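Notes follow once the structure below has been shown.
Protein chains: 2
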Amino acid sequence: METALLDQVRRPALLVDLQKVCANITAMRAKVEHNQVLFRPHFKTHQSARIGKIYWEMGVRAITVSSVQMAEYFAAAGWKDILIAFPLNWREMDAVNALAEKINLAVLVDCMESAQFLALHAREEIGVWVKIDTGLRRAGIWWEDSRSIEEVAKKIIASPRLTLKGILTHAGQTYHAECAKTAKEMAFASKQAMLSAKEYLRKRGLTNIQVSIGDTPGCRLLDDFAGVDEIRPGNFVFYDLEQWQLGVCQPQEIAVALACPIVSRNRDRRELIIYGGAIHFSKETLSVRGQPIFGMVAGKRNEPFGVLHPDCVLRSTTQEHGVLAMSEEPFAQYQIGDLIQVFPVHSCLAVQALGEYIEIRSGEHIATMVTKKDGCT
Amino acid sequence: METALLDQVRRPALLVDLQKVCANITAMRAKVEHNQVLFRPHFKTHQSARIGKIYWEMGVRAITVSSVQMAEYFAAAGWKDILIAFPLNWREMDAVNALAEKINLAVLVDCMESAQFLALHAREEIGVWVKIDTGLRRAGIWWEDSRSIEEVAKKIIASPRLTLKGILTHAGQTYHAECAKTAKEMAFASKQAMLSAKEYLRKRGLTNIQVSIGDTPGCRLLDDFAGVDEIRPGNFVFYDLEQWQLGVCQPQEIAVALACPIVSRNRDRRELIIYGGAIHFSKETLSVRGQPIFGMVAGKRNEPFGVLHPDCVLRSTTQEHGVLAMSEEPFAQYQIGDLIQVFPVHSCLAVQALGEYIEIRSGEHIATMVTKKDGCT
């Protein structure tokens, strides 16, 4: 792990283990192929054209993003089939039209107002998914509100430039499950709700309605996607402590960690003060033994990261400071000036905060610095 | 507020009200002058050379930052007296030396190892403050550990290139106070601890030891800074919901809000879905009526922001989504496609996340887009 590039790390840096990334994508793709669904991975987790290329080389051609800006970035990197999985932002309609001119673009609507707005302002062919709420209680039409779903779907069908793709949900409620079993039950219930909504539409004469589902816990935990047309997991490419605690991944599957300089040691409290705080890890927390934590040490000195140390936790973060509380033995191994590897609670937010990363390969002394715009064609 | 520039806002944008910024600086400066202490404001809150210029025009010449990068940025903008209020990061020693060649630079050490490292590697004249912990339990030598403080101070004095400036604390424990009265008591106790540490050093023959204190709650709430040489508040330039809840500021003093596009409305739950989430507001929370909130609506439609609406709260954030729960009357006033102004819980983190801002002046129809690098000379 102590490559020449890592020796050059001066500030908190995101490490991405490409070995683990490839294994995570391969495992999800195997499930996709077994179930014969379309794989439309969410790219908001990595936001990197270089990591996008790994998917491309594995045959993926359709992707999901969560903003118009991200769609523009990946379109510039050569992607031609992009779904913006965020309720249509009316204020970005010009950019949506400009993108739809170049690529096969789809957007979400979750109400009649937005369907009408889109029908009125679309200047290009645009694919449309109706966003369904199956329990997250964020955006989307409630899955049992069949009449509203039907009305919005029919409005889209009636609009010359719009193509109704189907119905879509994000069962993010699985993130709040107490354990993997509950998460799986939630994901199953969400999928069944979608099939029920589709069946209602079929009875009302709306055929060719596709079903798109998406959260990482559900896509990892469910075995059977019968009736589903495409899946859109994103986080699985990196995983993180949240997924580990949910029982969705193993520690050795977590593909990202932050390398942080140690700037002080408190012997009395057995704490390391690191350069690495809220602006790097985000303020997302996990409850461990009743206490909120912001990260967890990802392997001892000279270990490849992937070995969790639940007795070495990031107990607090402020803007740039982090405080790592540890047991005696690991504490003694670290000195001021060393780098320490820490897993983030939520990899999507840490990736967004850092904006660039260092590629590593477990066990190999290879490391490459990658800025966000690398890999654009 | 509905200026032409705001009409052009497409994505979540940070609004900074310069009228309020100037009033906040003027009020703090009046306190500084009354107490005859040096004003060394912390610039990590705004991170903007343009806002730095407002301080400069009010006569401020000494500043605080929290990273070497920020010191480089403000040095490039013309600042000559900069304190990096973060424990010395050994891995950035080359950059520290390069800065010290150009400007009057000071750094922090909080242990003998770092004092020795600095003595060994300083190639330029560098000012040094000994970081003291007066209750935050983050970095710093505990204020009652007089012998360690003395040893570190003497090591610095004995090093030809280092100049001991004094002792410094950040009483960030005030942020966790239950009310303004407790915060003030904590700030007072912290100041007294510093004076006691200084007195110990004086008795041991160390004179000319300055005392530097810094948190916004303490600097706002304390009336008397007798014995203190300089203060380093930062957040007060913008304030935020956290300071308001602490009783440190009035709602009308909060100088920043996020303008977020409304992308969906849920009539049953009286909720607005906004484009504005964890990557804009951060995940910092405040407890309101026993529930964590991530922001609060900062004025109704067509009101200048500054009027708090505790019945209109940002109840959840995910990567790009925010969910605003509201009472019936304000809910009815907002439509999809509108912008809504929302106060962040912690302005420092929101500013860091957004990276650019729009300057406005309360009541005037003036708005200017400012990117982070604007204002550099």
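Just so you know, the sequences run in chain order G and P.
Per the numbering used here, the first sequence starts with residue -3, numbered consecutively.
Per the numbering used here, the second sequence starts with residue -3, numbered consecutively.
Note that beta-carbon positions come from the ideal geometry of N, C-alpha and C, so glycine has one too.
Predicted model only: the values in this text are computed from it and were never measured.
Roughly how many whole angstroms lie between the Cα atoms of E352(P) and A26(G)?
Answer to the nearest angstrom: the Cα atoms are 43 angstroms apart.
message: Against G333(P), what residues of chain G qualify as contacts under a CB-to-CB distance less than 8 angstroms, listed in chain order?
response: Under the 8 angstroms cutoff, chain G gives W86, R87 and F113.
Taking Cβ to Cβ, would you say R36(G) is nearer than 7 angstroms to A58(G)? Yes, the pair counts as a contact, with Cβ atoms nearer than the cut-off.
### Message
On the CB-based measure, 16 or more other CB atoms within 10 Å of its CB, does V12(G) come out buried or exposed?
### Response
Buried, by the Cβ-count rule.
Exercise. How big is the Cα-Cα spacing for C308(G) and A253(G)?
Worked result: Each residue's alpha carbon lies about 14 angstroms from the other.
Contact list for G168(G) against chain P, beta-carbon separation under 9 angstroms
Taking a Cβ-Cβ threshold of 9 angstroms, the residues of chain P close to G168(G) are T314, in chain order.
*asked:* Strictly below 9 angstroms CB to CB, what residues from chain G border Y271(P)?
replied: What Y271(P) touches in chain G: S63, F82, P83, N85, R87 and E88.
- [ ] Go ahead and pull the three-state DSSP assignment for Y353(P).
- [x] Of the three classes helix, strand and coil, the one that applies to Y353(P) here is strand, per DSSP.
C-beta contact flag for A111(P) and K151(P) at 7 angstroms = Annotated as proximal: A111(P) and K151(P), with beta-carbon spacing under 7 angstroms.
For chain P, check one thing: does any of its Cβ atoms lie closer than 7 angstroms to the Cβ of D236(G)?
No, no contact with chain P.
Comparing C-alpha positions only, which one of I47(G), A96(G), Q15(G) and D106(G) sits nearest to I332(P)?
It is D106(G) whose Cα lies nearest to the Cα of I332(P).
Considering Cα atoms alone, identify which of F277(P), Q246(P) and K127(P) is closest to M190(P). Checking every option, the nearest Cα to that of M190(P) belongs to K127(P).
Is it buried or exposed for V207(P), if we count other Cβ within 10 angstroms and need 16 for buried?
Looking at its Cβ environment, which holds 16 or more other Cβ atoms inside 10 Å, V207(P) is buried.
I want to see whether chain P comes within less than 7 angstroms of Q287(G), judged by CB atoms only; does it?
By this cut-off, Q287(G) is not an interface position.
Open item on the list: How far does the beta strand (DSSP E) with K161(G) in it extend, from its first residue to its last?
Closed with: Where K161(G) is concerned, the enclosing beta strand (DSSP E) starts and stops at L158 to T165.
Exercise for the section: Count the other CB atoms, across all protein chains shown, that sit within 10 Å of the CB of T60(P); report buried if there are 16 or more and exposed otherwise. Expected result: Its Cβ being crowded by 16 or more others within 10 Å, T60(P) is buried.
Where do the ends of the alpha helix (DSSP H) carrying I50(G) lie?
Start and end: A45 to E53.
Open item on the list: Counting only Cβ pairs nearer than 8 angstroms, list the residues of chain P close to L345(G).
Closed with: Within chain P, the residues near L345(G) are A274, I275, K279 and Q315.
#### Entry: Neighbour flag for P213(P) against chain G, beta carbons, 7 angstroms
Closer than 7 angstroms: no.
Have a look at the DSSP bridge pairing and note the partners of E267(P).
BP columns for E267(P) point to N262(P) and A321(P).
Reducing DSSP to helix, strand and coil, say where V103(G) ends up. Residue state, collapsed to three classes: strand.
Exposed or buried, what is R261(G) when buried is set at 16 or more other beta-carbons lying within 10 Å of its beta-carbon? Taking all protein chains shown into account, R261(G) has 16 or more neighbouring C-beta atoms within 10 Å of its C-beta and is therefore buried.
For the beta strand (DSSP E) that contains R311(P), what are its first and last residues? Segment V309 to T313, the beta strand (DSSP E) holding R311(P).
Skipping 5 residues on each side, what residues in its chain have a beta carbon closer than 8 angstroms to that of K98(G)?
Here the set comprises A71.
**Neighbourhood of V28(G) by C-beta distance below 6 angstroms, restricted to the same chain and skipping five residues each side** = For V28(G), where only same-chain residues beyond five positions count, the Cβ hits under 6 angstroms are F35.
Cβ closer than 9 angstroms: which chain G residues qualify as neighbours of P257(P)? The answer, in chain order, is N85, W86, R87 and E88.
Check your understanding: Which term fits I153(G), buried or exposed, when burial requires 16 or more other beta carbons within 10 angstroms of its beta carbon?
Key -> Exposed, since its Cβ has fewer than 16 Cβ neighbours within 10 Å.
- Grab me the residues of V284(P)'s own chain with a C-beta within less than 7 angstroms of its C-beta, minus the 5 sequence neighbours each way, in chain order. Only residues of its own chain outside the window of five on either side were considered, and among them P306 and V309 have a CB closer than 7 angstroms to the CB of V284(P), listed in chain order.
Would you identify the three-state DSSP class for A251(P), choosing helix, strand or coil? If DSSP states are grouped into helix, strand and coil, A251(P) belongs with coil.
Distance between K40(G) and S343(G) (C-alpha atoms, nearest Å)
Cα to Cα, the separation comes out at about 10 angstroms.
Discussion item. Along the segment 97 to 131 of chain P, where does the CB come closer than 8 angstroms to a CB of chain B? Name the residues.
Written reply: No chain B appears in this structure, whose protein chains are G and P.
Notebook entry, point to check: Is the CB of R134(G) under 7 angstroms away from at least one CB in chain P?
Noted result: Yes, R134(G) counts as interfacial toward chain P.
Inter-residue spacing [alpha-carbon to alpha-carbon] between L217(G) and F234(G) = Distance between the alpha carbons of L217(G) and F234(G): 16 angstroms.
Do we get a CB-CB distance below 7 angstroms when we pair Q348(G) with the residues of chain P? For Q348(G), at least one C-beta of chain P is nearer than 7 angstroms to its own C-beta.
- Query: Roughly how many angstroms separate the alpha carbons of H276(G) and G201(P), rounded to a whole number?
  - Reply: If you take the alpha carbons of H276(G) and G201(P), they lie about 42 angstroms apart.
| query | When the Cα atoms are used, what is the spatial distance from L335(P) to A349(G)? | reply | When rounded, the separation of the alpha-carbon atoms in L335(P) and A349(G) is 25 angstroms.
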